[in-house]
Amino acid sequence: MLVPPPPQEKEEKKEIKDEVDVSFNFAFIGAGQGGSRVAESFHKLGYRKLAALNTAEQDLNTIKLDNKLLIGTGGAGKDPDEGARAFKDRKEDVLDFMRYSFGDEVDRVFVCAGAGGGTGAGTVCPLVESAKEYQESIGSNSNSVGVILALPKKSEGKRVNENAHNTLLKVWKLVESGDVSPLILLDNEKISQMYPNLVVSNFWQTANMSMAGLFHLFNLTTARDSSYSSFDSNDYKSILDSGLIVFGACNVEDWKDPVSISRAVRENLQNNLLSGGINIGGGSCAAGVVIGGKEQLDNVPQAHLDGAFEQLTRMLRDNSTVHRGIYSGDKPELTIFTAVGNIPKPTEKLEDLKKLAGI
Ligand SMILES: Nc1nc2c(ncn2[C@@H]2O[C@H](COP(=O)(O)OP(=O)(O)OP(=O)(O)O)[C@@H](O)[C@H]2O)c(=O)[nH]1
Ligand SMILES: [Mg+2]
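Heads up, the sequence shown is in this note's numbering, so the first residue is 897 and it goes up one at a time.
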């Protein structure tokens, strides 16, 4: 007589739920102090698949996240080789740490790091490799890992700018191989020019929240229905898969004026981006999301919005794809958000960093 096999134990999936209703399950791991603070800003927005890692215990203590891993001791002293060494000894632990911190329901991991230091700069590429392994192990539907890389202010000196140059170059190789996408640059120099009066104690917080807020907006709106026109999660995925991407936002004060909306899109791409020294015009896919209050959406002619989306198309490479979304918002204003992808190698930024590094 055949004995029936014992019932198979169903493998329990561990799911950690975000406290926001968004399109994609993103997880964030911050490396080094800047990277950890960037990850922390996503926690403030309601994301819950978060982790931070550092070589300095005292810096890790300042991070308000539950999942923290100390590798090495006493910091990497702005030496990326030191950061990389500390990581090598703990590679297996890092993979377990990701599983524990993120659970099994993740679409894409984002590695966050400051490119100019030692820990973040030295661990960002090995972390991408580990995150890829983690994504494969849980059967995520993404072949690439996201990177959010903070670039230094000019005033941070030669060593930091040299680290940033070398790190950006290494990460770019991973963009070219398809292992990294999207790459989001958080350019502290550009942000300091955009907000010249920011006090020191608010600078990082403002820089991190500006980027995280824009990132979040796209993940949020693509999960929402729109009675006007919508930008869905597949459209957003195509942007996430398009290498170097950049976000911008602009309030259209003079929304009754027919050309002001197009002008806002133009200015958005010229002045309001969180990264400098990159060639937006070389981008070939984009999303334009308009969020308007009731009065604005009841009065702005569709043709004016179409004009603005066409403006966005004209500013990119020929035959570019521009996804359009129009949503109603709570505030009595009209705001345009843009995301541009497939941006070519940031050669101008790399040159600037090289000059500042004296190499
Ligand atoms: N946007 C942003 N950038 C930051 C922040 N903190 C630091 N940075 C940038 O990141 C770079 C690296 O600094 P840290 O993150 O302190 O360095 P680390 O990775 O901890 O490396 P070590 O301290 O050398 O071990 C700095 O040069 C800054 O440009 C932050 O909160 N936000
Ligand atoms: Mg540090």
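Glycine residues also receive a C-beta, built at the ideal position from the N, C-alpha and C atoms.
- Here residue 1253 is near residue 1060, since their CB atoms are less than 9 angstroms apart.
- Residue range 1190-1195 is occupied by the alpha helix (DSSP H) that includes residue 1194.
- Taking a cut-off of 8 angstroms on C-beta distances, the region 1226-1246 touches the region 1171-1183, as three or more cross pairs fall below it.
- Ranking 1207, 1236, 1202, 1185 by CA distance to the CA of residue 1221 puts 1185 first.
- When only Cα atoms are considered, residue 1044 and residue 1017 end up about 12 angstroms apart.
- Remark: C-beta atoms of residue 1090 and residue 937 do not approach each other more closely than 9 angstroms.
- About 16 angstroms separates the beta carbon of residue 1208 from that of residue 1196, a gap too long to meet the 8 angstroms contact definition.
- Here DSSP, grouped into helix, strand and coil, assigns residue 1083 to strand.
- DSSP places residue 950 within a strand segment (E or B) once states are collapsed to three.
- Within the same chain, 1119 come within 7 angstroms of residue 917 by CB-CB distance, once the 5 residues on both sides are set aside.
- A direct Cα-Cα distance of roughly 39 angstroms separates residue 932 from residue 1201.
- In the structure shown, residue 958 falls within a coil segment according to DSSP collapsed to helix, strand and coil.
- The C-alpha of residue 1051 lies about 18 angstroms from the C-alpha of residue 1063.
- Taking 8 angstroms as the cut-off, the C-beta of residue 1049 counts as close to a heavy atom of ligand 1.
- In this structure the region 1138-1157 does not lie against the region 948-958, because fewer than three pairs of beta carbons, one per stretch, are closer than 8 angstroms.
- Positions of the beta strand (DSSP E) runs, each at least 3 residues long and wholly inside the region 1061-1132, are given as 1076-1083 in order along the chain.
- For residue 950, the Cβ falls inside the 8 angstroms cut-off from some heavy atom of ligand 1.
- In the DSSP annotation of this structure, residue 925 is not part of any alpha helix (DSSP H); the continuous beta strand (DSSP E) holding it starts and ends at 922-927.
- Cβ-Cβ distances below 8 angstroms link residue 1169 to 1086, 1142, 1143, 1144, 1176 in the same chain, with the five nearest sequence neighbours on each side left out; the list follows chain order.
- Between ligand 2 and residue 1109, a heavy atom-to-CB distance of less than 8 angstroms is absent.
- Comparing alpha-carbon positions, the option among 1223, 986, 1190 lying closest to residue 966 turns out to be 986.
- Residue 1054 has its Cβ no nearer than 8 angstroms to any heavy atom of ligand 1.
- Residue pairing by DSSP places residue 1141 opposite 1080 in a beta bridge.
- Residue 1224 is bridged by DSSP to 1188.
- Assigned with DSSP and collapsed to three states, residue 1050 falls in helix.
- Taken through DSSP and simplified to helix, strand or coil, residue 1157 comes out as helix.
- For the pair of segments examined, the region 972-987 was found not to touch the region 996-1006: the number of CB pairs separated by less than 8 angstroms stays below three.
- With a cutoff of 9 angstroms on beta-carbon distance, residue 1245 and residue 1081 are scored as near each other.
- Residue pairing by DSSP places residue 1045 opposite 1009, 1081 in a beta bridge.
- The straight-line gap separating the alpha-carbon atoms of residue 1084 and residue 1009 is approximately 13 angstroms.
- Judged by beta-carbon spacing, residue 998 lies within the 9 angstroms limit of residue 945, meaning their Cβ atoms are closer than that value.
- In its chain, beyond the 5 residues on either side, 927, 979, 983 have a beta carbon closer than 6 angstroms to the beta carbon of residue 1019.
- Counted as a single uninterrupted DSSP element, the alpha helix (DSSP H) harbouring residue 1027 occupies residues 1015-1034.
- In the DSSP assignment, no residue is bridged to residue 1056.
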